[in-house]
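First residue of the sequence shown: 1, per this note's numbering; consecutive thereafter. Glycine included, C-beta positions come from ideal geometry on N, C-alpha and C. Structure record follows, encoded as structure tokens.
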Amino acid sequence: MSASAGTGVFLLSLMSIPICYLFNSLIYSNRYVETVYAVHAFLSVVNLIIGLEQDNIIDGFVTFYLKEADPHVNTAHGHMISYWDGCVHYLMYLLMIAAITWGDNYRAIGLYWVGSFLMRAMVYILGNAVGKYGTHVGPLFILHLLYISVSVWACFRIFCQPSARDVELSDIEEAHRAGLLRRPVDLVFIIYLIPALAFCVFRGLVVLDCSSKWCQDYTQQYEPYLKDPSAYPKVQMLVSMLYSGPYYIITLYGLLVPGCDWMPDLTLVHSGALAQAQFSHIGASLHTRTPFSYRVPVDSQPVFLLVNVLYMLVPQALCYRCCTQPAFFLRTAPEKKNE
């Protein structure tokens, strides 16, 4: 190796010092987080444009991308997550960027986004892998995995946000003394959680090809989309059964026993996940991109919409109750930590 080449290698190696310092400073500053959300907001608008062009509402913006992209994008499920990302996630990104800019706490909206994003990512990735398009995974899907990796890092940053709950000790003690009959709203939620648990387990059994006549009749009459070969609904129901099922049991405990201070955060994550899941499932079940034989029959649409919309909205109301009136879930005295 010549002297000039050796000098170049030496100088290049020294560049690692300022690069590591700058990267470390960027990681531990809110500016990096703000940049991540800004990029996500940009991609959300792109996804909205994709959804609008797929439905022929606009034309000439992403035609080349739709022709060259992975076929998963052109499914009914792909349509719905494009709309969800372009509207709901976009609003969340703007709110979190505003909170960071003004120095406010964004843990609540962040946890809601965490649940929504993780549900979207799990169903989309697993559905792509096991569905009929599993052999069509291309370079764009790899880029999507990179996008998800950065988003998971942002999720951990949100969990590091301090919890902003300012409740008087006397209010906490009074809430703890209130029995279940003096909390009629909580009683309604407890009654709801039992059939909700049964419903999510039932749909999980349906996609697992349960031979019960009830499962077969339900699939044929109300939700034939559960058998769609794209595998998104199947993965969606399995994830919901494994995720929402234990959640409903834990939430029952949290509504009965005072001092479960994890309840507000847990309901935020779950309500975000279920809102995204149900929006995608309801929309894809009725979308024209879904083959006619897998769409909800016209006669069954009122029942289908009533059940699925209620299944989506009640957890939002439970989340609102836990976050706006958290006294019952807080502890009367903080735990002492050993120094």
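- A distance below 7 Å separates the beta carbons of Q236 and V123.
- Counting only the Cα atoms, S149 lies some 23 Å from A99.
- In the structure shown, D228 adopts coil according to DSSP, grouped into three states.
- By the CB criterion at 7 Å, A317 and M80 fall outside the cutoff.
- Scanning L43, L268 and I158 for the CA closest to the CA of H144 turns up L43.
- The straight-line gap separating the alpha-carbon atoms of V303 and R331 is approximately 42 Å.
- If you look at S212, you'll find it isn't in any alpha helix (DSSP H); DSSP assigns it neither H nor E.
- The residue among I249, W113 and L242 with its C-alpha nearest the C-alpha of Y93 is W113.
- Straight through space, the alpha carbons of V314 and I191 are spaced by roughly 12 Å.
- The Cβ atoms of C215 and V206 sit closer than 7 Å to each other.
- For Q325, no alpha helix (DSSP H) run applies, since DSSP gives it neither H nor E.
- For S300, no alpha helix (DSSP H) segment is defined, and its DSSP state is neither H nor E.
- Distance between P246 and G259, taken at the CA atoms: about 19 Å.
- In this structure, D265 is the residue among E174, I250 and D265 with its C-alpha nearest to the C-alpha of S163.
- R321 and Q220 have their C-alpha atoms some 37 Å from each other.
- Annotation: L180 to V73 spans about 47 Å, alpha carbon to alpha carbon.
- Using a 10 angstroms sphere on the CB of A178, the tally of other CB atoms stays under 16, which defines it as exposed.
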